Amino acid sequence: MALKKGVDVKPASGKLGILLPGMGAVATTFIAGVMSIRKGLGKPIGSLTQLGHIRLGKRTDGNSPAIKDYVSLAKLDDIVFGGWDIFPENAYEAAVKAGVLESKDLEPIKAELSAVKPMSAVFEQAYVKKLNGPNVKKGTSKMDLAQQLMEDIKQFKTKNGCDRLVAVWCGSTEVYRKPTDVHSSLDKFEAGLKASHDDIAPSQIYAYACLKMGVPYANGAPNLSLDTPALLELARKQSMPITGKDFKTGQTLMKTILAPGFKARMLGLEGWYSTNILGNRDGEVLDDPESFKSKEVSKLGVIDSILQPEKYPDLYGNISHVVRINYYPPRGDAKEGWDNIDIRGWLNYPMQIKVNFLCRDSILAAPIVLDLALFMDFAARAGMSGIQEWLSFYWKSPMTPDGLYAEHDLFIQLMKLKNTLRYTKGDDLITHLGAEYYD
Ligand SMILES: NC(=O)c1ccc[n+]([C@@H]2O[C@H](COP(=O)([O-])OP(=O)(O)OC[C@H]3O[C@@H](n4cnc5c(N)ncnc54)[C@H](O)[C@@H]3O)[C@@H](O)[C@H]2O)c1
């Protein structure tokens, strides 16, 4: 939907419920983090909504308010958490199992965290081959399961006295699937739900249920989920914002920082080899070739779309781009990524860059979940619906309207995000034109 300049944004009054399908490492690190920050026990590092500023007007104006003071965002104190998982453990137990946060950080919030219990999940093992859990709904059809999710959403909202809800998928990566005929329109999708069509994934049942209930939806995993004509149609019909796919955290974040720099300087790229070891449950799921395929497709798209080989054949016409993920249990959530980058300079002389990123996956993902939830709630209150391209900043594989290529360059993405916020407030966009050229 076309966005008006200077929109009336409904106030962020009352409570915001954040619903998380999948309450594993990322989701529990996010929930525990918000609870710690609310108690003043930690800082929201990595979160643009909590720490970022936005410049308004000329550089000489000296006017750069905090983003959270500039646009109307829900306060951390007003957030309540809910979600679904195939395992019945509460968020405290799941966080201990995930092993991301240490007990010194979990113990002070144990009571609050333990009170967040997952609702029973919609799950089909054909879509996540490596997992099997007991906390799963039974239903007569996929439509019946969708209705059970809608009932969960309704009850959660009433029980917790929420004013608004927003959902962020933090569930496992499902196997790679292309959209089929059942995804081609909402009518066909609904008929498919009733007939329990094999091609409808659990993540799509959540997306359907949330959108039907007027809940904006973000997809943190690389699998298709809501990126289908049928669910786009539903989002438009319900005037709901949607966004995805695949949180941009470790290695891909680095790629979208470095590749724009090479291109800016017209340096050539011959090859980019990326490998990772990780030992969390996500790593175990990605050890299945079909789930890895979803991730691989999501990770591989980035470089080509930033470097535009069709426009720069001499520099980027023949890149070898390889991505590997190896499941290695001793590392847990503390992933290690290696990148070997073969670049070319003046007269085609070769050079190499090595990046060794010892990162923590969920520590990087948690602030993204927070920002997405707050910005999606903002978008809904601002009347923004359909694909929220201004949130591409957060995604490895940003959803785009038909016919448009995805923007992957982190710096263009950030400018787009901030300019969208300025636009909603009716302020001038920042062009970075030199002061001497202004009238
Ligand atoms: N951590 C990162 O940096 C990062 C980056 C990008 C994307 N992701 C994606 O985020 C997702 C979560 O990652 P994680 O590290 O928390 O994984 P995780 O394995 O710790 O958590 C995923 C949880 O989802 C649950 N689950 C699976 N299918 C479900 C279903 N149908 N309904 C409800 N629950 C379901 C699992 O039981 C598990 O508890 C994964 O898809 C991952 O690929 C993570």
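In numbering that gives the first Met the number 0, the protein residues as written are 0 to 438. From the three backbone atoms N, C-alpha and C, an ideal C-beta is built for every residue, glycine too. Predicted model only: the values in this text are computed from it and were never measured.
The Cβ neighbour count for H431, taken over all protein chains shown within 10 Å, is under 16; the residue is labelled exposed.
In terms of CA proximity to W83, F122 leads the group W337, E106, F122, S12.
Nearest in C-alpha terms to L40, of all of L266, I108, K67, V127, is I108. The C-beta distance from S224 to G300 rounds to 16 Å, too long to meet the 8 Å contact threshold.
If only uninterrupted alpha helix (DSSP H) runs of at least 4 residues are considered, those enclosed by the stretch 65-146 are 66-69, 90-97, 102-105, 109-113.
For the 9 Å CB-CB criterion, L371 and N325 do not form a contact. Distance check between Y327 and each of P259, N275, K353, N317 places N275 closest, using alpha-carbon atoms only.
Selection D303, P288, K247 evaluated against E269 yields D303 as nearest (Cα-Cα). Taking a cut-off of 8 Å on C-beta distances, the stretch 375-382 touches the stretch 240-253, as three or more cross pairs fall below it. Scanning its chain for C-beta atoms nearer than 8 Å, with the 5 sequence neighbours on each side dropped, one finds around I342 the residues F261, L266, G267, L268, E269, P349, M350, Q351, I352, in chain order. Per the C-alpha coordinates, the member of D76, I30, A97 positioned closest to G282 is A97. Spanning the alpha carbons of Y126 and V174 requires a straight line of approximately 5 Å. Taking 9 Å as the cut-off, the beta carbon of I204 is found closer than this to the beta carbon of L144. The three-state reading of DSSP puts Q387 in coil, since its state is none of H, G, I, E or B. Between the beta-carbon of L105 and that of A26 there is about 14 Å, and that puts the pair past the 8 Å contact cut. Its chain contains K415, L416, T419 as the residues whose beta carbon lies nearer than 7 Å to that of W389, once the 5 sequence neighbours on both sides are disregarded; these appear in chain order.
Taking all protein chains in view, the Cβ of N347 is surrounded by fewer than 16 other Cβ atoms within 10 Å, so the residue is classified as exposed. Not one heavy atom of ligand 1 lies closer than 8 Å to the C-beta of L192.
Spatial neighbours of L15 in its own chain (CB-CB distance under 6 Å, excluding positions within 5 residues in sequence) are listed in chain order as A73, D77, I78, R163, D376. Looking at the backbone, the Cα of E88 and that of G81 are separated by about 13 Å. Taking W337 as reference, the option from Y404, C358, K424 with the minimal CA-CA separation is C358. Secondary structure note for E283: its alpha helix (DSSP H) is the uninterrupted segment 280-285. For R323, the distance from the CB to the nearest heavy atom of ligand 1 is not below 8 Å. For A206, the CB contacts under 6 Å within the same chain, skipping 5 residues up- and downstream, are Y216, S224, L225, L230 in chain order.
Between D197 and W394, the C-beta gap is not smaller than 9 Å, which leaves the two residues out of contact.
In the DSSP assignment, S273 falls within the unbroken beta strand (DSSP E) covering 267-277.
Counting only the Cα atoms, A65 lies some 6 Å from G51. In the displayed model, Y348 falls within a strand according to three-state DSSP. Closest in C-alpha terms to A194, from the list G138, D68, P228, comes G138. For L403, no alpha helix (DSSP H) encloses it, and the DSSP letter there is neither H nor E. For ligand 1, a non-hydrogen atom lies closer than 8 Å to the CB of V121. Here S391 is buried: its Cβ has 16 or more other Cβ atoms, across all protein chains shown, within 10 Å. The secondary-structure analysis by DSSP pairs D338 across a beta bridge with S273, V354.
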